[in-house]
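Just so we're aligned: 164 in the numbering used here is position 128 of the sequence shown, and the numbers increase by one with no gaps anywhere. Ideal Cβ positions, reconstructed from N, Cα and C, are used throughout, including at glycine.
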Amino acid sequence: MSVDLSPRPEDAPWLSEDQLSFREGVVRFAREQLAEEAADRMARDRESEFWREGWDRCGRYGIQGLPAPEEHGGGGADVLTTMVGLEALGYGCPDGGLVFSINAHMWSALVPVWKHGSAEQRRRWLPGLASGELIGIHAITEPEAGSDAFAMTSRARRDGEGWVIDARKTFISNAPVADLLIVFARTSEGTGPIGLTPFLVEGGSAGVSVRPLEKMGLRTSPMGEVALDGVRVGDDAVLGREGKGARVFQTSMDWERALIMSAQVGAMQRVTERSIAYAKERRQFGQAIGKFEAVAFRIADMKMRLDAARALLFRAGSVMDAGRDASAAAAEA
Ligand SMILES: Cc1cc2nc3c(=O)[nH]c(=O)nc-3n(C[C@H](O)[C@H](O)[C@H](O)COP(=O)(O)OP(=O)(O)OC[C@H]3O[C@@H](n4cnc5c(N)ncnc54)[C@H](O)[C@@H]3O)c2cc1C
Numbered sequence: 037m038s039v040d041l042s043p044r045p046e047d048a049p050w051l052s053e054d055q056l057s058f059r060e061g062v063v064r065f066a067r068e069q070l071a072e073e074a075a076d077r078m079a080r081d082r083e084s085e086f087w088r089e090g091w092d093r094c095g096r097y098g099i100q101g102l103p104a105p106e107e108h109g110g111g112g113a114d115v116l117t118t119m120v121g122l123e124a125l126g127y128g129c130p131d132g133g134l135v136f137s138i139n140a141h142m143w144s145a146l147v148p149v150w151k152h153g154s155a156e157q158r159r160r161w162l163p164g165l166a167s168g169e170l171i172g173i174h175a176i177t178e179p180e181a182g183s184d185a186f187a188m189t190s191r192a193r194r195d196g197e198g199w200v201i202d203a204r205k206t207f208i209s210n211a212p213v214a215d216l217l218i219v220f221a222r223t224s225e226g227t228g229p230i231g232l233t234p235f236l237v238e239g240g241s242a243g244v245s246v247r248p249l250e251k252m253g254l255r256t257s258p259m260g261e262v263a264l265d266g267v268r269v270g271d272d273a274v275l276g277r278e279g280k281g282a283r284v285f286q287t288s289m290d291w292e293r294a295l296i297m298s299a300q301v302g303a304m305q306r307v308t309e310r311s312i313a314y315a316k317e318r319r320q321f322g323q324a325i326g327k328f329e330a331v332a333f334r335i336a337d338m339k340m341r342l343d344a345a346r347a348l349l350f351r352a353g354s355v356m357d358a359g360r361d362a363s364a365a366a367a368e369a
């Protein structure tokens, strides 16, 4: 007994026909190539195993590079279309950890390099980040600097033509599988957001070590602690301007806050559909349980929240595409 709550043209006037058919294409791709046997997913979840093959399939389909410019191997999609694609991915792909890892990579590595990288940094890193061949992370959080991210104490000091970085980072998504690390460190004695600089560090560089961490949920999204001990990089590793790392952090947060909800809306649709199907199928006291008010009201609430979440999400995307300040719209979403 299948139910389909995908947005229809008549109740999603903010989406064009092209966006709706793009959405259908991504759902088909996710169902055919990512919705693998539940048993496999459960086993990977138990073992905290990242599904690299699923990641690569998404890369070949063009997911990771969706918003990046075509000249750098991206899809050139606007924000709303990117949201539509990720919503469809969250709906069709039951591996929430894989979808989370893709989001972390896009908002914390792809977007900062695209928006703040020099021409040379973009040329070197963007095609690989967009195709999914390379996995990027940003390492901000430290054991004593979580919500208060700008209290970080990791440092980088000038040494001849380059820099030497000493850093301790924790809770870093995708760290165990990363090819590119964007590491934030203090480069002057400022306090708070002043004097922070992000550095592009190649995974596996001398002095970089990663210790995987276990999580209670999203277990197929790998996470780790990252230590940098006397890691040497050139001046060309500075992302953006020296001491202005807070701007890079802000760009990442602006995109993440608005877009990370996309896949969750897709997952909300999936579980709402399953709940409706089950409420119709399961019978007690001679009728489907969906006929009982306690279940019917709850399902009506789920559907209302799904529609409200989707509307708030797409509004934030439209505001971003119009080049306006989307902070409030993203925060509401
Ligand atoms: C799944 C996941 C992925 C992550 N990925 C990354 C990553 O890729 N890169 C990265 O750098 N970091 C990452 N993090 C770390 C994340 O940014 C931090 O967990 C977050 O900043 C919160 O820090 P904390 O865990 O140290 O909590 P704390 O800062 O210790 O906060 C704990 C609790 O204290 C309370 N609190 C703190 N400050 C305030 C306040 N000002 N007002 C009111 N209450 C407050 C809140 O209830 C809060 O929930 C990830 C975390 C998770 C869970």
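Asked, Found
"Proximal residues to E250 (C-beta, below 7 Å), its chain only, five neighbours per side dropped", "S84"
"Check: S144 C-beta below 7 Å from any heavy atom of ligand 1", "yes"
"Below-8 Å beta-carbon distance, A362 vs any chain C residue", "No chain C appears in the structure shown, which is made up of a single protein chain."
"Rounded straight-line distance, which links the Cα of N139 to that of A366", "16 Å"
"Contact set for R193: own chain, Cβ-Cβ below 6 Å, skip 5 residues either direction", "V200"
"Per-residue DSSP class, three states only, for M252", "coil"
"Stretch pair the segment 173 to 183 + the segment 212 to 228: three plus CB contacts closer than 8 Å", "yes"
"Backbone secondary structure at V115 - three-state DSSP", "helix"
"Segment limits, beta strand (DSSP E) that includes V274", "First-last for V274: undefined, no H or E at that position."
"Alpha helix (DSSP H) runs contained entirely in the segment 122 to 155, provided each spans 4 or more residues", "132 to 141 and 147 to 152"
"Per-residue DSSP class, three states only, for T189", "coil"
"Own chain partners of E156 with C-beta closer than 8 Å, once the 5 adjacent residues on each side are dropped", "D272"
"Whole-number beta carbon distance between G128 and L70, since they are thought to touch under 8 Å", "7 Å"
"Given 8 Å, three or more beta-carbon pairs between the segment 74 to 88 and the segment 140 to 151", "no"
"Nonlocal neighbours in the same chain, by C-beta distance under 6 Å from S137, ignoring five residues either side", "N210 and S257"
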